[in-house]
Amino acid sequence: MALTESTMLPLGTEAPNFHLMDTVSGNYYSLDDLKSDRATVVMFICNHCPYVIHVNPEIVRIANAYKNQGVSFIAISSNDVEHYPDDAPDKMRIVAKVLRYPFPYLYDKRQEVAKAYDAACTPDFYVFDGNMKLTYRGRIDDSRPGNNISLNGQDLRNALDLTLKGEAIEPQYPSMGCNIKWKVGS
């Protein structure tokens, strides 16, 4: 694991489309199938990263709280499963069910989606408005494993509240976590 900060994709960037398999249902979905006309959160996560494991409870709380406001949540794992088998689709399905993810958990086998979003780490959060323009990219809050700061989702919650109001989000801090496990030669 290499501690990595997220790449700060320029605000206003249009969400790149995708067509990926949901590891829970086995169905394939595009961004158009899953997006919301209010706000959409695209998260790059994985099963084994201690930073993702740390924030998982808050991700679920936020998704459950905001889905009633019309916000769509989409989780994507892009890690190389040959070298990181804990992140394989069958294990993704188990994690999603055990943690009761209220969102699809998609598998980016070719890592093309992570590259299109310029994702660098797990977890990495992107918030798009109803027009699918990027309003926020970065962290869920300032809690990290072992730093004794309570997990509260403050940054992501604030980003969603302001996106729903059509207001700018300042400041924005990069997320920090495990680097995405790129395939050799990627």
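If you number the sequence shown the way our numbering does, the last residue is 421 and the count never jumps.
Note that CB positions come from ideal geometry on N, CA and C, so glycine has one too.
Subject >> Close beta carbons around ASP267, own chain, < 8 angstroms, minus the five adjacent residues each side >> reply: Here residue 267 is taken as the residue at index 32 of the sequence shown, counted from 1. Within the same chain, ASP267 has close Cβ partners ASN252.
**OP:** Could you pull out every residue in the same chain whose Cβ sits closer than 7 angstroms to the Cβ of GLN389, ignoring the five residues on either side in sequence?
**Re:** Indexing the sequence shown from 1 puts residue 389 at position 154. For GLN389, where only same-chain residues beyond five positions count, the Cβ hits under 7 angstroms are ASP376.
Subject >> Limits of the unbroken alpha helix (DSSP H) element including ASN299 >> reply: Numbered from its first residue, the sequence shown carries residue 299 at position 64. Looking at the DSSP string, the run of the alpha helix (DSSP H) that includes ASN299 is 285-302.
**OP:** Just grab the DSSP bridge partners of ASN414 for me.
**Re:** As a working note, residue 414 is residue 179 in the sequence shown. Beta-bridge pairing links ASN414 to CYS356.
Original post:
Where VAL348 and SER385 are concerned, what is the direct C-alpha to C-alpha distance, given to the nearest angstrom?
Top reply: Reading the sequence shown from its first residue, position 113 is the one you call residue 348. Reading the sequence shown from its first residue, position 150 is the one you call residue 385. Rounded to the nearest angstrom, the two C-alpha atoms are 31 angstroms apart.
**OP:** Mark VAL316 as exposed unless 16 or more other C-beta atoms lie within 10 angstroms of its C-beta, in which case mark it buried.
**Re:** Walking along the sequence shown from the start, residue 316 turns up at place 81. Answer is buried; the Cβ neighbour count reaches 16.
Original post:
When DSSP builds the beta bridges, which residues end up paired with GLY373?
Top reply: The residue you call residue 373 lines up with position 138 of the sequence shown. DSSP lists PHE360 as partners of GLY373.
Original post:
Beta-carbon separation of GLY401 and THR357 under 7 angstroms?
Top reply: To locate residue 401, count along the sequence shown from 1; it is residue 166. To locate residue 357, count along the sequence shown from 1; it is residue 122. Cβ atoms of GLY401 and THR357: not closer than 7 angstroms.
Original post:
Can you give the Cα-Cα distance for ASN282 and TYR342, rounded to whole angstroms?
Top reply: Working through the sequence shown from its first residue, we reach residue 282 at position 47. Working through the sequence shown from its first residue, we reach residue 342 at position 107. Straight-line Cα distance between these residues: approximately 12 angstroms.
Original post:
Taking buried to mean at least 16 other C-beta atoms within 10 Å of its own C-beta, is ARG335 buried or exposed?
Top reply: By one-based count along the sequence shown, residue 335 stands at place 100. Counting Cβ neighbours within 10 Å, ARG335 comes out exposed, since fewer than 16 surround it.
Subject >> Sub-7 angstroms separation of LEU244 and ASP321 beta-carbons >> reply: Residue numbering aside, residue 244 sits at position 9 when the sequence shown is read from its first letter. Residue numbering aside, residue 321 sits at position 86 when the sequence shown is read from its first letter. No.
Original post:
Just the Cα atoms here: how many angstroms apart are LYS344 and ILE404?
Top reply: Here residue 344 refers to the residue found at position 109 when the sequence shown is read from its first residue. Here residue 404 refers to the residue found at position 169 when the sequence shown is read from its first residue. LYS344 and ILE404: Cα-Cα distance of roughly 32 angstroms.
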